[in-house]
Every structure is written in structure tokens, then in C-alpha cells.
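In terms of this note's numbering, the sequence shown has 317 at position 129, counting the first letter as 1, and numbering is strictly consecutive.
We put the CB at the ideal spot given by N, CA and C, even for glycine.
Data first, discussion second: the structure below is written as C-alpha cells.
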Amino acid sequence: MQTGYFQTQDDAQIYYEIHGEGRPLVLLHGWQCSHRFWQRNVEALAERYQVITPDFRGHGNSSKGIHGITLRRYARDIHDLLAFLEVEDAVLMGWALGGPTVLSYYDQFGADRLKGLGLIDITPFPFSGAPWNSQGLHGHNLDGFNAQINAMTKDREAFYNGFAANLFHKGNRPGGTEWIVEECMKLPLWISVAIYSDYLFSDYTPVLERIKLPTLVLGADSAVFPRGIEQGRHIASLVEDSTFVDFPDSGHILFYEEPEKFNDAVTAFMERCFT
């Protein structure tokens, strides 16, 4: 394993890990999360690929500055990190907030340095009032957003324990997952609020129809996206060259709950991208 820090042009420090060798696979985590969330996937995938897992600025082991806390900047950080690492023909996959970050990357840089895309249980516009969107704050629910922020401000640990439970199928959080709250607590409150606000208001739906790369879409039903499978199918239908895989026995953190199924889906997609 290789670890390091990449200094961005505006002096943020982006932490990253590299496992294995071969075709590059970049995995982007979700809101309040970190590279550690891929712990059940990296070892197996690194047997065949070079797996790169960065922490977004503000998250995990990356720096905690107040600047650049937007999806567009997060996407630019990933683009600049790939250039720094001299990575070409990568498959870029994002989970939750990482999904719109992937779409922002494509919106800004097109297929530069990329061979394929992955959207892991995402919505391209959380505030959308369209019927396909099952995010809890759909329809520009600012009252709900403010209530979440107030709950987080009042008792962060209690908020994150509820957040962790909502990641799992039917809210059944298993033992041995205390690390989830520990990772979430690494994100300063002000950064958490800022990036979540930008995420909610950012609409990357129009990008989907412009994608010209093979795209893997994964979806599950959970407290985060109650109709996540239906939502995922809709997202896949908007992408010209897409593959959709549902996870009816998992929740939002499907890659952790069913790592073998996830790893197999990613492996099959990687092979398709490079044949």
C-alpha cells in the first residue's frame, strides 16, 4: 500500500491511498465518510487493479480548511490528483455524494483521464421534486435540511449514530461498526454543513444524457433512498451506455453489506471497459 498527500493549487492537502497494480480504479466516498468505508472491497479489487481511495478535502485524513467546499472543487481535486499521479484511463466511481462529484468531473473535464464511470446509490439532484428522486429532502425541503443541521449541532454523536444506522438494510446496523461514527467525527461541523448544502442545490441531471463513457449504476432501497432501486434504474436509463445492478438485500452502504457482489459487479464492469 502507498499513502500520500497531494497539495492542490489552493493549498488544500488531499490524502490518498493506492493499493495494488494494474488498471486504475478510483473510489470516491460519500458525505461525512472517508477512504476507510471501502475496507471490505480494496483488498480483493487490488488483486487485479490499482485501487485509489482519496479523502475529499475536509474529510478523513485530508486538511480541514474552509475554502473550496463545493462539488465542483472536489471534482477538480480528483482531476488534479490523477494528473499528479500520472493516471490515465481510470474508472472513476462515486458513492452517495461521490456520485455527483463524478458527474461534476465529467461536466468539467469530459473523458479526460477516464475509461468509465460508476454511480453507486446516488441522486444527481437531491433537491429535485421530480417523481424519480427519493432523497428525503426532495422538493427543496429547506425545513428538513435545517432540522438536520440543528440536530447535528445539538448532539453530533447521536446524529452520527442515527446516520450510521440509516446506511444499512432496514436500519439493521451490525456490531463492530463503531468506526463509522469515528470517521464521521473527523469532519468539522462547518465543512459538513457547507458541502451538504452545495450537494443539495447542485443539479447534475443534465450531465447524464451527455455521458459517452460506459457507466455502471448500482442502487438499493434504504432510509437514505427509500426507492433507490427505482431511482437507479431511472438514472441508468438516461445514460447512453449504462449497466444497472440492483442490491435488494442491502441498504445505502451496499458495497460493505454485500462486498462480494459489489466486487464482482465492479470487476465485470472493469473488464468490459478494457476490452
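Over the uninterrupted beta strand (DSSP E) stretch that includes residue 257, give me the two end residues. No beta strand (DSSP E) contains residue 257, which DSSP labels as neither H nor E.
Integer-rounded CB distance, given that residue 267 should sit under 8 Å from residue 375: Incorrect: roughly 22 Å between the Cβ atoms, too far for contact.
Who pairs with residue 219 in a beta bridge, going by DSSP? In DSSP, residue 219 forms no bridge with anything.
Less than 8 Å between the C-beta atoms of residue 393 and residue 316, yes or no? yes
Would you say residue 406 touches the ligand ADP, meaning its beta carbon is less than 7 Å from a heavy atom? No copy of the ligand ADP occurs in the structure displayed, which carries no ligand at all.
Short of 7 Å in beta carbon distance, which residues of its chain neighbour residue 345, apart from the five on each side in sequence? Order them along the chain. 369
What three-state label does DSSP hand residue 189 in the structure shown? coil
As assigned by DSSP and simplified to three states, the class of residue 262: helix
Contacts around residue 297, its chain only, beta-carbon distance under 7 Å, and the 5 residues preceding and following it disregarded: 267
Whole beta strand (DSSP E) runs in the segment 353-408 with 3 or more residues, listed along the chain? 403-407
Do residue 410 and residue 329 count as a contact pair if the criterion is CB distance below 8 Å? no
Test item: CB-CB of residue 423 and residue 312 under 8 Å: yes
My guess is that residue 193 and residue 212 are in contact by the Cβ rule of under 8 Å, so how many angstroms apart are they, rounded? About 19 Å separates the two Cβ atoms, so there is no contact after all.
Could you check what DSSP says for residue 317 in three-state terms: helix, strand or coil? coil
Pick out whichever of 367, 339 and 356 has its Cα sitting closest to the Cα of residue 221. 367
How would you call residue 403, buried or exposed, if buried means at least 16 neighbouring beta carbons within 10 angstroms? buried
Best match in 377, 365 and 388 for proximity to residue 286 [C-alpha to C-alpha]: 388
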